[in-house]
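I have placed the structure first, in the form of structure tokens, so that the comments after it can refer back to it.
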């Protein structure tokens with residue numbers, strides 16, 4: 037099996053954009069091609085991670101549109117939809133295309149256009165992933181977060197303030213990310229006094245609705261140095277994907293994300309490392325509670341103790357294990373199909389020493405992208421070549 | 002445990018009564034799930050149906066959502082309820098996600114509940130307005146069961 041390298045990356049400004057999904061994808065795609073020093077017609081495969089361009093915008097067939105816009109025909113194209121984890125699933129597909137030998141040069145572009153919809157409409161598009169017995173009760177992804185947060189706080193005797201500190205930390209990190217939707221610090225009182233959205237969670241416990249796109253270029257490690265200097269590429273040393281139940285209440289322990297544990301077990305084994313070897317991580321903090329659950333189920337902390345790590349500053353940018361140096365989905369924004377790609381973009385920048393003001397000391401990084409409420413998960417491990 | 006005709010997609014069944022049943026599936030390995038699936042979590046085949054109207058449960062957790070999608074009451078108090086299936090049952094926990102019923106005192110407010118409270122299912126003819134959201138109205142049922150506290 038070929039070892040797979042990432043030789044180029046880009047992301048657009050995240051936030052409220054005038055551009056529509058085709059234009060967002062083309063903007064990120066063209067920038068990633070430029071970053072890798074290649075042209076569209078060099079690509080063998082071109083993947084688009086996108087959850088719902090048809091539902092949001094009435095635009096389907098986006099991979100074909102992107103291939104035409106970037107003069108990438110006749111590259112093989114496919115759209116990867118795995119709800120909020122479409123980006124991570126796209127990373128898996130792109131890795132697979134190179135590792136299998138099916139492609140010598142693959143680009144993945146993730147993107148979503150959402151902000152033209154009202155919050156209620158966007159929430160409903162996302163909630164359409166739920167089972168009929170959940171959907172008819174009016175459940176939303178934020179209400180799953182509220183249900184789980186209450187159970188977590190009760191089970192592990194964690195203070196409500198610890199969730200707020202996730203928001204404070206990730207907003208602080210986002211200040212130094214020029215692509216982030218929000219580049220503004222918030223204090224704990226602001227978080228705890230914000231309007232209730234899904235009790236006990238409040239407005240600042242949730243990521244925003246976002247437009248944006250991100251892209252990555254993959255090739256075999258054996259030829260990576262032909263495209264970029266050796267210290268400018270990263271290797272995907274481990275990757276795993278896993279699925280949990282569709283119906284959330286059927287999980288044995290609703291505070292455990294089985295897909296996170298299972299996907300990371302695969303990724304760790306492939307990379308030949310364990311959680312203690314990870315220097316920096318991007319987690320899917322669509323809701324603050326998810327950062328606790330993932331940090332525990334990835335093996336970074338004991339079950340029920342992820343909140344203590346935040347309280348003690350372990351996950352701060354200058355802590356022992358920086359989490360969400362990009363600002364996370366919470367501050368950077370969450371354009372569904374782009375998020376998993378943008379997580380790997382941040383880890384790529386960190387392990388190649390190109391993260392600017394956000395730079396931490398990192399040789400090995402991990403990105404965990406979650407779809408639904410832990411329904412589908414991809415975990416990717418990158419190693420720098422410095 | 003009893004058999005009824007069941008709609009697999011929604012977990013709703015007809016028992017011949019006026020009120021639909023709260024239909025969970027029973028499997029050859031003894032497991033019970035709501036909603037019903039093709040096979041049990043361990044892959045065992047379906048052997049029957051259990052009407053969860055016959056059971057009480059307790060609130061595992063709850064939330065009140067104030068940002069609800071089109072066609073959903075606002076606020077919407079939801080709970081995950083774990084049914085007490087009796088001492089003879091040793092399968093995985095049997096749970097349902099459901100709205101908390103309104104008090105019925107004209108206030109349109111839901112009952113107050115907390116973790117551990119005992120509740121029972123109560124039928125609602127329409128949980129959410131069909132067609133107001135993105136899902137095709139004909140693709141699923143829109144009636145079902147809420148939960149209300151049990152007087153102790």
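Protein chains in written order, with the numbering used here: chain A, 37 to 422; chain B, 2 to 153. Every residue gets a Cβ at the ideal spot worked out from N, C-alpha and C, and that includes glycine. Bear in mind the structure is a predicted one, so any value in this text is a computation, not a measurement.
query                                                                                                                          : result
Three or more C-beta pairs below 8 Å linking the region 408–415 of chain A and the region 111–126 of chain A                   : yes
Within chain A, partners of residue 22 of chain B - CB distance below 8 Å                                                      : Result: empty, since nearest Cβ-Cβ is about 13 Å, beyond 8 Å.
Residue interval of the alpha helix (DSSP H) (run including residue 178 of chain A)                                            : 177–192
Classification of residue 72 of chain B by the beta-carbon crowding that lies within 10 angstroms, buried from 16 upward       : buried
Residues within the region 267–294 of chain A neighbouring chain B, beta-carbon criterion of under 8 Å                         : 283, 284, 285, 286, 288, 290
Residue-level contact to chain A via CB, residue 50 of chain B, 9 Å cutoff                                                     : no
Residue 241 of chain A: contacting residues in chain B (beta-carbon distance under 9 Å)                                        : Those within 9 Å of residue 241 of chain A in chain B number zero; the least Cβ separation is about 12 Å.
Coarse secondary structure for residue 1 of chain B, derived from DSSP in three states                                         : Here chain B has residues from 2 to 153 only, and residue 1 of chain B is not among them.
heavy atom of the ligand ATP below 8 Å from residue 275 of chain A C-beta                                                      : Ligands in the displayed structure: none, and consequently the ligand ATP is not present.
Where residue 136 of chain B meets chain A, residues with beta-carbon distance less than 7 Å                                   : 164, 171
Residue 220 of chain A classed as buried or exposed, judged by whether at least 16 other C-beta atoms fall within 10 angstroms : exposed
Top-ranked residue by Cα proximity to residue 86 of chain A, from A:183, A:122, A:329, A:342                                   : A:122
Residue 356 of chain A burial status per 10 Å Cβ neighbour count (16 or more: buried)                                          : exposed
Burial state of residue 394 of chain A (16 or more Cβ within 10 Å)                                                             : buried
Distance between beta carbons of residue 396 of chain A and residue 361 of chain A, contact taken as under 8 Å                 : 6 Å
Residue 179 of chain A: contacting residues in chain B (beta-carbon distance under 8 Å)                                        : 64, 66, 77, 79
Counted within 10 angstroms of its Cβ, other Cβ atoms place residue 249 of chain A as buried (16 or more) or exposed           : buried
Touch test, the region 24–34 of chain B against the region 138–158 of chain A, Cβ-Cβ under 8 Å, three pairs minimum            : no
Exposure label - residue 321 of chain A; buried when at least 16 CB within 10 Å                                                : buried
Within chain B, the residues that residue 186 of chain A reaches when beta carbons sit closer than 8 Å                         : 62, 63, 64, 116
Residue 359 of chain A: contacting residues in chain B (beta-carbon distance under 9 Å)                                        : Ordered by position in chain B, no residue passes the 9 Å Cβ test against residue 359 of chain A, which lies about 25 Å from the chain.
Buried or exposed by the 16-neighbour rule on C-beta atoms within 10 Å, applied to residue 308 of chain A                      : exposed
Under 9 Å between C-beta atoms of residue 63 of chain B and residue 183 of chain A                                             : yes
CB contact below 9 Å: residue 157 of chain A versus chain B                                                                    : yes
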